[in-house]
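Here is the structure we will look at.
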Amino acid sequence: MPSLLYIADPMCPWSYGFGPELAALHQGLPDIPLHVIAGGLRVYQQEAPDADLRAALQDDCRKVEQATGLPFANPLLTQPDFSYDTEPACRAVVVARSLLPAAAFTVMQALQYAFFAEGRDLTDGKVLAEITSAVLTEAGHPIPADAFLSTWQADASIAATHDDFTQVNRWGIVGFPTLVLDRHQQLDLISSGFVAMPALVEKLQTIVDRDTQPPPKT
Numbered sequence: 003m004p005s006l007l008y009i010a011d012p013m014c015p016w017s018y019g020f021g022p023e024l025a026a027l028h029q030g031l032p033d034i035p036l037h038v039i040a041g042g043l044r045v046y047q048q049e050a051p052d053a054d055l056r057a058a059l060q061d062d063c064r065k066v067e068q069a070t071g072l073p074f075a076n077p078l079l080t081q082p083d084f085s086y087d088t089e090p091a092c093r094a095v096v097v098a099r100s101l102l103p104a105a106a107f108t109v110m111q112a113l114q115y116a117f118f119a120e121g122r123d124l125t126d127g128k129v130l131a132e133i134t135s136a137v138l139t140e141a142g143h144p145i146p147a148d149a150f151l152s153t154w155q156a157d158a159s160i161a162a163t164h165d166d167f168t169q170v171n172r173w174g175i176v177g178f179p180t181l182v183l184d185r186h187q188q189l190d191l192i193s194s195g196f197v198a199m200p201a202l203v204e205k206l207q208t209i210v211d212r213d214t215q216p217p218p219k220t
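Just so you know, my numbering puts 98 at position 96 of the sequence shown, and the rest follows in order with no gaps.
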């Protein structure tokens with residue numbers, strides 16, 4: 003069965019902006035599974051980003067807000083001592099996916115909203131556990147925040163998250179969000195970066211039409 007591969011990062015502004023577009027697309031394709039893969043925008047970073055990177059992030063946030071109307075209110079992005087390590091948030095998505103795959107996209111969106119709209123610190127495991135456990139519980143997989151935190155801290159979860167990053171690198175994906183159509187290991191790029199839903203539909207239709215054309219007559 004065909005599936006959609008969504009490669010994104012919970013702390014990527016453009017991934018946040020793309021979420022509603024992808025949600026609208028998938029709502030019209032409910033029978034096609036959506037698999038979420040953690041991209042790893044800026045991982046294993048202990049040092050805070052420099053002034054140039056902070057300015058670039060703030061500029062991206064302004065552009066996403068203008069393009070989508072989504073709310074932005076995160077003072078952390080202006081603080082020179084904020085590390086902006088996206089691995090912890092990516093790991094929360096990977097753990098959620100292992101517990102309830104169907105909820106991974108909802109978790110991704112909840113984390114993005116918490117970070118960009120509410121200014122919550124997604125480098126804090128307790129914050130991640132609170133948000134993610136609430137989403138999983140609402141989706142039908144009740145799990146206390148402390149139990150999620152314990153799983154999130156486990157070496158196996160750290161390794162599984164690294165495996166996502168390795169796969170993304172193997173595919174040669176360097177920008178987020180990226181959406182790919184997977185048909186029995188045949189991968190077709192649908193979008194790289196922010197794309198509105200109508201253009202996603204058009205691209206999908208182009209791929210389908212291309213592959214259903216009869217062979218040329220000889």
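From the three backbone atoms N, C-alpha and C, an ideal C-beta is built for every residue, glycine too.
- Residue pairing by DSSP places I192 in no beta bridge whatsoever.
- If you draw a straight line from the Cα of T134 to the Cα of G121, it comes to about 16 Å.
- Taking each of S17, D83, Q68 in turn and checking the Cα distance to D52, the smallest one comes out for D83.
- Between the stretch 134 to 148 and the stretch 89 to 102 there are three or more inter-stretch CB-CB distances shorter than 8 Å, so the stretches are counted as touching.
- Separation of M13 and Y86 (C-alpha to C-alpha, rounded to the nearest whole angstrom) is 8 Å.
- Excluding its 5 nearest sequence neighbours in each direction, I209 has C-beta neighbours in its own chain below 8 Å: L183, D190, I192, listed in chain order.
- In the DSSP assignment, no residue is bridged to Y86.
- For F74, same chain residues with a beta-carbon under 6 Å away, outside a window of 5 residues either side, are C63, E67, F118 in chain order.
- Going by beta carbons, T180 and I34 fall outside the 8 Å limit.
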